[in-house]
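Each residue of the sequence shown is one higher than the one before, counting from 438 in the working numbering. Note that CB positions come from ideal geometry on N, CA and C, so glycine has one too. What follows is a single structure, written as structure tokens, with notes after it.
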Amino acid sequence: MQTSSDRHEYPAHWEADVVLRDGGTARVRPITVDDAERLVSFYEQVSDESKYYRFFAPYPRLSAKDVHRFTHHDFVDRVGLAATIGGEFIATVRYDRIGAGGAPASSPADEAEVAFLVQDAHQGRGVASALLEHIAAVARERGIRRFAAEVLPANTKMIKVFMDAGYTQKRSFEDGVVRLEFDLEPTDRSLAVQYAREQRAEARSVQRLLQPGSVAVVGTGRAPGGVGRSVLGNLRDAGYTGRLHAVNKAFPEDLKELDGVPAHRSVREVDGPVDLAVVTVPAEHVPEVVTECGEHGVQGLVVITAGYADSGPEGRERQRALVRQARTYGMRIIGPNAFGIINTSPEVRLNASLAPEMPRPGRIGLFAQSGAIGIALLSRLHRRGGGVTGVTGVSTFVSSGNRADVSGNDVLQYWYDDPETDVALMYLESIGNPRKFTRLARRTAAVKPLVVVQGARHGGVAPQGHAVRATRLPHATVSALLRQAGVIRVDTITDLVDAGLLLARQPLPAGPRVAILGNSESLGLLTYDACLSEGLRPHPPLDLTTAASAQDFHAALSRALADDTNDAVVVTAIPTVGEGAAGDAALAEALRSAAAAVPDKPVLVVHVELGGLAQALSAAASTAPQAVSGTPLPNTPDGASSAQPHAETTGTTAPAEAVEAPEGARLIPAYPAAERAVRALGEAVAYAQWRRDAADPGRVPEYDDIDEKGAAELIAGHLTRAQGLALGADDTCELLARYGIRVHRALPAPTPDDAVAAAGTLGYPVALKATAPHLRHRADLGGVRLDLADEEQLRRAYAELTELFGRPEELRPVVQGMAPRGVDTVVRAVIDPAAGAVLSFGLAGAATQLLGDMAHRLIPVTDREATSLIRSIRTAPLLFGWRGSAPVDAAALEELLLRVSRLVDDHPEVVAVTLEPVVVAPHGLSVLGASVRLAFPPARDDLGPRTLPAY
């Protein structure tokens, strides 16, 4: 560590793990005096050409003076960072603060010279780009605003690193050297570059886990049974296309093969690379295995072993040590306590999981933090494919267990541009980085549907195995923010599968208009009612009668699809007596052929105990496991089991092996209940509308009367008095006025005479209000008197309040001028350390306090989002002329929301704003109460350099 002569203590918060371009990891940390030997060893492995590019001259070795200079830093004016793998340097970067003419300087000089050196074996992995992000963040923290770099023209790789970073820069050429100067303030382009690099690196890191060329199962038992032996058998039976190895240090030395798989006593004994290790040994032996894997160059681990954070504080520390150890070697981890991973691609056929059979290849990606839920999801897709829908199968499956390293965010990065995945289904019990998840979800949802069910919604805490940052936002708010990001939020895993199957192979509906047709009037009416409940616009059901033939269904469906007033069609069907399997097959083909003629409208089927029809609809492609030897998938029951056609309930034999459908074939999902089909359709309609809106998200308007600089000065002045404080009434009004938000004056009235004087200042008519905490915003308790026209009425009202509620000092009465009549609303903004800044809106009173009827948007809010925000609450009709009332001034309300959004976005020190009540009249609005809280804002990791979470 640094000596006592250094000006600053070792900045441990600069340490970080990063994912490199090829998916491997490295650790970034400050260079200290203890690194002299590492630096010399690193330099010896750098080519002469790279040394020449760094020092502009032949420089074969570092002198003792050089080593001292490059390892002694004050962490303010001189800073060096190193990227390490296995504890050894692979790259370094350094800045030196400079003043006029490039001479060494100290603060307040705000420019620094920066230089890199990357080991040749690690060039092209994105190491320099990652180091640039981190050294720039360090420099900004130390008051440096601009970097300068001198590069030889032949060093095109380093020039590209600087030019591609996205910072505002200028370039010059002088004395045979390219000089680059660039500002360090993040720009839209630099953030876009950073996010694009993050996506490529994290997607590649997951790809290396899901597409390994070789797999070793560590902890394979010698006797049949046990976790390791089961995983080995699952990999082998799935037909894994790569090299497979069984590893157990207890194997006899003469054992060369186990179940036809090469056997080894250690990963080190494997001849050739191992890309993925599945670890099933007891927790106390895992560190030894990780060391072996790291030294052998293993790229990633799936840790099935439990006994980590899922077992308590001691296990949590063991889990942290596991992650630190794996990242030291550049490895990523799925788990611990994981169920495993699956990739059904014919080129891979990876079943590194506890699932005894391989799901059929398909277009749905599955992610589950819980192994038990992972089993249930695979089971449901298995049974839905075996006899209910057969819409599609699984592309990839990841069960992350304790999610110590690889998380849902990483898998989203992979799915984003995975050509094998059309729909992403996720079961989440915790969201470690809501701000990042929302950003990734919005980008993913713009190109493919993302359906999420969140467990542990009401427990208030994450499951024991998950280490996540806390959020103060209620679950309803988080759900609303996810929906704003395009996430299809459902409540159960049954809904998860229902929505996923519809979205996998059916087009998105163009609107909410639904045609209903079928051979059961009752089932049609149930479907009609379900559509209304989901906010859809159904046409009256068309009853084809029970005598309808397959040709009748074909003709009716063709007409419905050709009708421009229909956006989707729900077909309801009940068994036809005496027709049997042949009739079911004919009906299925009739529906398929009609739907194929109009491929841009979704078609769903609601069936009742139609084993043959469901099987016929799924005959082209099934999500059932392929017919391979082994134990069948667990038959976990779900809410639709009674309506699903299994052999034991229909009296038929098991369906024959399904035949793969042509790519892009029109496959119709079938549901055993109208409510489930319509619920899935409703989610598809809402998602399609989000996609259309996302194409034109609106803009954040500018307002000429906003005084951003003046507000900043006010805020800075207040924060010099305290680190966090609630502003008084006058200070609140002054700050809000800088953003064009006028608050009606409320004058204190500690006595009746003061009340009369206040009314004289404000002018009659006035309102008299009690502002004590238990009476504030509670007009229903009688603590407010309105329309007091003169002094007599005011004094009488004052006497009534004190008689009912106590002394004036307890009531804290105020006098306020009357505002035009309207609808009382509430506007709030808060900065959550995990989710970011959130703007909320609702009606004041019981609608918000009792029913929780609030709508939420992430800040900054655009004009289109402000418009949708006020229309998103259930009580919105009260704003727009409900039962003959006058509609309110929606434009004024939207402008207020946008101004509050701008205030919080421009000044993150404004951590909370509440405007209540805001009375919205037919013309204009009045803010009658306001409060503002200031504090130094929480650090925003989304604006800093790329890092992996540190648990």
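According to DSSP, residue pairing for His-1293 in a beta bridge involves Ser-1277. Considering only Gly-662, Ala-1023, Ser-566, the residue with the shortest C-alpha distance to Arg-637 is Ser-566. By the Cβ-count criterion, Gly-1161 is exposed, with fewer than 16 other Cβ atoms from all chains shown falling within 10 Å of its own Cβ. When DSSP reads this structure, Arg-680 sits in a beta bridge with Ser-651. For Gly-734, no alpha helix (DSSP H) encloses it, and the DSSP letter there is neither H nor E.
In the three-state DSSP reduction, Val-1221 falls in the strand class (E or B).
In the displayed model, Met-595 falls within a helix according to three-state DSSP. Annotated three-state conformation of Glu-690 is coil, per DSSP. Around the C-beta of Ala-528, 16 or more other C-beta atoms lie within 10 Å, and the residue is accordingly described as buried.
The three-state secondary structure of His-722, taken from DSSP, is helix. Under the DSSP assignment, Val-1040 falls in the beta strand (DSSP E) whose first and last residues are 1040–1044.
By the Cβ rule, the stretch 1176–1186 counts as touching the stretch 1351–1364, because three or more pairs are nearer than 8 Å. Apart from sequence neighbours up to five positions away, the residues of its chain that approach Arg-666 with a beta-carbon distance below 6 Å are Thr-657, Gly-658, ordered along the chain.
In the three-state DSSP reduction, Asp-1191 falls in the helix class (H, G or I).
Here the stretch 1312–1321 makes no contact with the stretch 1342–1350; the two share fewer than three CB pairs at distances below 8 Å. Under the three-state reduction of DSSP output, Lys-873 falls in the helix class. Inclusion of Ala-1121 and Leu-945 in the CB contact set at 8 Å is warranted, their separation being smaller than that value. Burial is judged here by how many other beta carbons sit within 10 angstroms of a residue's own beta carbon; Glu-751 has fewer than 16 and is exposed. Nearest to Glu-1112 by C-alpha distance, out of Glu-971, Asn-1003, Ala-1153, Gln-1230, is Glu-971. With contacts defined by Cβ atoms closer than 8 Å, Arg-534 and Gly-517 do not form a contacting pair.
Within the same chain, Arg-950 come within 7 Å of Thr-1002 by CB-CB distance, once the 5 residues on both sides are set aside.
Of the residues assessed, His-819 falls on the buried side of the cut-off, its CB having 16 or more other CB atoms within 10 angstroms. DSSP lists Ala-519, Leu-554 as the bridge partner or partners of Thr-529. The criterion of a C-beta distance shorter than 8 Å is not satisfied by Phe-688 and Arg-673. The stretch 1280–1292 makes no contact with the stretch 1234–1241: fewer than 3 CB pairs, one atom from each, lie closer than 8 Å. For the pair Asp-1000 and Pro-1036, the Cα-to-Cα distance works out to about 13 Å. About 20 Å separates the beta carbons of Pro-793 and Val-740, which is beyond the 8 Å limit, so they are not a contact pair.
Put simply, the backbone Cα of Pro-495 is about 12 Å away from that of Val-483. Around the Cβ of Lys-693, a 10 Å sphere holds fewer than 16 other Cβ atoms; the residue is exposed.
Note on geometry: alpha-carbon atoms of Pro-1185 and Ala-1192 lie some 7 Å from one another.
Spatial neighbours of Glu-481 in its own chain (CB-CB distance under 8 Å, excluding positions within 5 residues in sequence) are listed in chain order as Arg-498. Met-863 is bridged by DSSP to Phe-804, Val-889.
Boundaries of the beta strand (DSSP E) around Asp-454: 453–456. Checking the DSSP bridge columns, you'll see Thr-1262 partnered with Leu-1280, Val-1355. In the structure shown, Thr-929 falls within a coil segment according to DSSP collapsed to helix, strand and coil. By the beta-carbon neighbour count (other beta carbons within 10 angstroms, threshold 16), Lys-607 is exposed.
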